[in-house]
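*Asks:* Which chain is which? The protein sequence lines are A and B, in order. Numbered as in my numbering, the first sequence ends at 344 without a single skipped number. Numbered as in my numbering, the second sequence ends at 688 without a single skipped number.
2 protein chains.
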Amino acid sequence: MQRVAIVGLGLIGSSIGLALRKGKLPNTEIVGYDKDHSALSKASKMGAVDKAYSRLDEVVDGAGMVILATPLLAMRELLQALGSRLQPGSVVTDTGSSKTTVLSWASELLPSGVSFVGGHPMAGRERSGPDAAEATLFEGASWFIVPGRGATSAAVSSVVRLAENVGATPCFIDAYEHDAYVAAVSHLPMVISTTLVTATGTSPGWKEMSKLAATGYRDISRLASGDPEMHKGILLTNKEPIIHWIDEFIARLHDMKRMMVEDEEALGKTLVKAWEARALWLTDRDGRKARKARKADDLGTGERFLTLMAGESLVRKGKELLGQDREEPFKERKDQPGGPPAWK
Amino acid sequence: MQRVAIVGLGLIGSSIGLALRKGKLPNTEIVGYDKDHSALSKASKMGAVDKAYSRLDEVVDGAGMVILATPLLAMRELLQALGSRLQPGSVVTDTGSSKTTVLSWASELLPSGVSFVGGHPMAGRERSGPDAAEATLFEGASWFIVPGRGATSAAVSSVVRLAENVGATPCFIDAYEHDAYVAAVSHLPMVISTTLVTATGTSPGWKEMSKLAATGYRDISRLASGDPEMHKGILLTNKEPIIHWIDEFIARLHDMKRMMVEDEEALGKTLVKAWEARALWLTDRDGRKARKARKADDLGTGERFLTLMAGESLVRKGKELLGQDREEPFKERKDQPGGPPAWK
């Protein structure tokens, strides 16, 4: 019997539990912990875990895989607490939205026999907590995988299987690249959305003007309804790339103002270009989805995740990270006891 | 037989035509014009008008009401062209997203016997053109009404009826107030959305990073897919309030950066406040919708639109604008020939 421990039973942690248990993995026990007793009890009642523990040392005892699904800012302390309790050969993964900071914490705090493989499922909802969890939350979503220094190939594979087992598409990416990209396409939109609500919602005229706010305002402000604690964690663990993109965005806002005042032609062209850029993105996105669906039928499990992201460089990177040329640091270390779950 | 002329048969104009014709108003002919022959022919084929005209002077000939549903920037020229062709007592209304500029054009260019009553239906879609039109587009939406100087009470009433006949909720508002408010809750979100696409979509890393863009990016960028010509018109006819709000927004972005670097506590509080502000707005919005539905059943048509916006000041303003105390400039001028359609 192998044990998978989920630490943090909010939306993401409970959804992982529900999805794994729904898959009825043989010889696998899904256990969970949350420092919030109410979340722990809800997750347990809804069947997100086989067994709920109210103590961290108990939940990770003998676990081959530990999944950290807490807010980012709680992870440093958890990694510190886990360091001495994990068995050699086990794997720790996480679900945080930024990767560089977590990887550096893991490298500093985990013992050398434990592999850290960072993860980032690209799924979420406005509502948070176990009540919002669903077994299907990750279906069709990308699940970014960023192996830590010294992670074994078996550990990496087990996180790939984890993503696959909950219905997501595993994709390899470099930590810096990941953080720079999500800063632009995920964290900047969150900053914008929240700041729109701050700017309008705290203005003296808000009471009257809010009545005129319609679907446009609703959509652009949607991300402001995400979990504030999660957003704080993102902003504090991915500062530099996010600040770079806020500055870039402010520069483009100044461009807009200038064009409104003195260059109507350039303004028109800019609006058309933005229109085109979004149309192209939507088309590419639909195309990728269709290709994903086709390829998933044609390919064997072994290679599937390598080809799911368009772009050869990422496929190369994935092969390299999986250690197919059998070099350190991804060589499997069979001499170690324990080891990550060998799903499928 | 009274004639209602729709000038501009894109999404809004064609949807108005479809909704009015669906309502089978007695003794009313809906006619339409568009300078684009393809739009004119499409709108005609789909039944948005009883008759399509390819000449502006022909479509407004004998019309009691002219609805300008063109891009904002085309309206000045149209008002100039219409000035000499409209019969005394007729009413001109529009559907533009900013009101001060259009009202000043109307005041300058229309003869004194013609009433101008500005309108702004708060409805739209990502797609534009007659193909995207629907008879139900305005159902449940607010339709802002801003009577021009010297507009008769009959003219104002006829535009109220127009909004009601297409299923919208008429709401009175002052032009400056309207433009300041929509700058914050409608135009700023559009600027933000477009600028997000400009900032990210034109960056060198876009090809790779676009693959990581998910539902958050999709929602925040949605307004960038609106008609660029319409957006240009909004930006150029409501410059000052929009620039005020862009500046306000930039100031709040600088706050965010500062808090990320040096004040984690304030950052956390700001994120929580934004979360709360949006939750409150959503609750108020749902409450207003429910009240609207209830009141619509209880009240007579005559007063219904006056009470539909919460806030007594607006109710007072509405009564005043409708000339219920029978003072100039809203006194009905029965001596004039023609006159707006006397729907219901």
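C-beta atoms are modelled at their ideal positions from N, C-alpha and C, and glycine is treated no differently. Keep in mind that this is a model prediction, so the values were computed, not measured.
Please tell me whether H381 (chain B) has its Cβ less than 9 Å away from any Cβ of chain A.
*Replies:* Judged by the 9 Å Cβ criterion, H381 (chain B) is not in contact with chain A.
*Asks:* How many Å lie between I374 (chain B) and A450 (chain B) at the Cα?
*Replies:* Going by the C-alpha atoms only, they are around 23 Å apart.
*Asks:* Using the C-alpha atoms, what's the distance from A568 (chain B) back to V59 (chain A)?
*Replies:* Going from the Cα of V59 (chain A) to the Cα of A568 (chain B) covers about 48 Å.
*Asks:* Contact check, R3 (chain A) vs A63 (chain A) under 8 Å by CB: the rounded distance?
*Replies:* With a Cβ gap of about 4 Å, R3 (chain A) and A63 (chain A) count as contacting.
*Asks:* My guess is that M65 (chain A) and S90 (chain A) are in contact by the Cβ rule of under 8 Å, so how many angstroms apart are they, rounded?
*Replies:* That belief holds up - the Cβ atoms of M65 (chain A) and S90 (chain A) are roughly 7 Å apart, short of 8 Å.
*Asks:* Spell out whether any CB of chain B is found under 9 Å from the CB atom of E177 (chain A).
*Replies:* For E177 (chain A), the answer is yes, since a Cβ of chain B falls inside 9 Å of its Cβ.
*Asks:* Let me confirm a value: D227 (chain A) is counted as buried when at least 16 other C-beta atoms fall within 10 Å, else exposed. Which label applies?
*Replies:* That one is buried.
*Asks:* Near M75 (chain A), which residues of its chain fall below 7 Å by C-beta distance, leaving aside the five closest residues on each side in sequence?
*Replies:* Once the five neighbours on either side are set aside, the close Cβ partners of M75 (chain A) are L68, D94, G96, V102 and W105.
*Asks:* Kindly list, in the order they appear in chain B, the residues whose Cβ is closer than 9 Å to that of M75 (chain A).
*Replies:* What M75 (chain A) touches in chain B: nothing, since even the nearest Cβ is about 16 Å away.
*Asks:* Determine which residues of the region 43-66 of chain A have a Cβ less than 7 Å from any Cβ of chain B, and write them out in chain order.
*Replies:* Going along the region 43-66 of chain A in chain order, one finds no residue with a Cβ nearer than 7 Å to chain B.
*Asks:* Nearest to L72 (chain A) by alpha carbon, out of A:D284, A:V272 and A:N238?
*Replies:* Comparing Cα positions, the closest option is A:N238.
*Asks:* Ignore the nearest five residues each way along the sequence and tell me which others in N27 (chain A)'s own chain have a CB closer than 7 Å to its CB.
*Replies:* Excluding positions up to five away in sequence, the list reads M1 and Q2.
*Asks:* Mapping the DSSP letters down to three states, classify L402 (chain A) as helix, strand or coil.
*Replies:* This structure does not reach residue 402 (chain A), given that chain A is present from 1 up to 344, and the question cannot be answered.
*Asks:* With C-beta atoms as the reference, is I12 (chain A) less than 9 Å away from L137 (chain A)?
*Replies:* It is a contact, given that the beta carbons lie within the stated cut-off.
*Asks:* Checking contacts by CB at 9 Å: is I360 (chain B) closer than that to chain A?
*Replies:* Output row for I360 (chain B): interface = no.
*Asks:* In the DSSP output, which residue or residues are listed as bridge partners for E29 (chain A)?
*Replies:* A:R3.
*Asks:* Let's test the definition: count the other Cβ atoms within 10 Å of the Cβ of E656 (chain B) and tell me whether it reaches 16, buried, or not, exposed.
*Replies:* Per-residue confidence for E656 (chain B) stands at a pLDDT of 39, beneath the threshold of 50, marking its modelled position as unreliable; the derived number appears in the next sentence. Looking at its Cβ environment, which holds fewer than 16 other Cβ atoms inside 10 Å, E656 (chain B) is exposed.
*Asks:* Roughly how many whole angstroms lie between the Cα atoms of N509 (chain B) and H381 (chain B)?
*Replies:* Computed Cα separation, rounded: 27 Å.
*Asks:* Check V436 (chain B) in the structure and name its three-state DSSP category.
*Replies:* Residue state, collapsed to three classes: strand.
*Asks:* So which of B:A349, B:K366 and B:V351 has the shortest CA-CA distance to G511 (chain B)?
*Replies:* Of the listed residues, the one whose Cα sits closest to G511 (chain B) is B:K366.
*Asks:* Considering only DSSP beta bridges, list what L412 (chain B) is partnered with.
*Replies:* According to DSSP, L412 (chain B) bridges with B:V351 and B:D438.
*Asks:* If you reduce the DSSP assignment to three classes, tell me which class S54 (chain A) lands in.
*Replies:* Looking at S54 (chain A) - three-state DSSP - the assignment turns out to be coil, as it is neither helix nor strand.
*Asks:* Taking all protein chains shown into account, decide if V114 (chain A) is buried (16 or more other Cβ within 10 angstroms of its Cβ) or exposed.
*Replies:* The residue in question, V114 (chain A), is buried, as its Cβ has 16 or more Cβ neighbours within 10 Å.
*Asks:* Only counting the same chain, and skipping five residues up and downstream in sequence, which positions put a Cβ closer than 6 Å to that of E483 (chain B)?
*Replies:* Once the five neighbours on either side are set aside, the close Cβ partners of E483 (chain B) are G511.
*Asks:* Drop a sphere of 10 angstroms on the beta-carbon of D34 (chain A), count the other beta-carbons inside from all chains shown, and report buried for 16 or more, exposed for fewer.
*Replies:* Buried, because 16 or more other Cβ atoms sit within 10 Å of the Cβ of D34 (chain A).
*Asks:* Quick check: the Cα distance between R304 (chain A) and C171 (chain A), rounded to an integer number of angstroms?
*Replies:* Annotation note: pLDDT 39 at R304 (chain A) (below 50); position unreliable, coordinate value reported separately. Going from the Cα of R304 (chain A) to the Cα of C171 (chain A) covers about 10 Å.
*Asks:* What residue range is occupied by the uninterrupted alpha helix (DSSP H) comprising S554 (chain B)?
*Replies:* Taken as a continuous stretch (DSSP letters only), S554 (chain B) belongs to no alpha helix (DSSP H), as it is neither H nor E.
*Asks:* Using alpha carbons as the reference points, say which of B:R632, B:D628 and B:L364 lies closest to G201 (chain A).
*Replies:* Answer by Cα proximity: B:D628.
*Asks:* Buried or exposed: where does D523 (chain B) fall if 16 or more other Cβ atoms within 10 Å of its Cβ makes it buried?
*Replies:* When all chains shown are included, D523 (chain B) counts as buried.
*Asks:* Could you pull the DSSP bridge partners for I461 (chain B) from this structure?
*Replies:* According to the sequence as given, residue 461 (chain B) is Val; it is not Ile. Looking at the DSSP assignment, V461 (chain B) forms a beta bridge with B:T437 and B:P491.
*Asks:* Expressed to the nearest angstrom, what Euclidean distance is found between the alpha-carbon atoms of K389 (chain B) and V49 (chain A)?
*Replies:* In a straight line, the C-alpha of K389 (chain B) is about 59 Å away from that of V49 (chain A).
*Asks:* Per DSSP, which residues does A63 (chain A) bridge with? Please list them.
*Replies:* Beta-bridge pairing links A63 (chain A) to A:R3.
*Asks:* Assuming P228 (chain A) is part of the alpha helix (DSSP H), what are its boundary residues?
*Replies:* Note, P228 (chain A): alpha helix (DSSP H), P228 to T237.
*Asks:* Excluding the 5 residues preceding and the 5 following M553 (chain B) in the sequence, name in chain order all residues of the same chain whose CB lies nearer than 8 Å to its CB.
*Replies:* The residues are T544 and S547.
*Asks:* Helix, strand or coil: which one does DSSP assign to T195 (chain A)?
*Replies:* It is helical.
*Asks:* In this structure, how does DSSP classify F138 (chain A) when only helix, strand and coil are distinguished?
*Replies:* Correct three-state label for F138 (chain A): coil.
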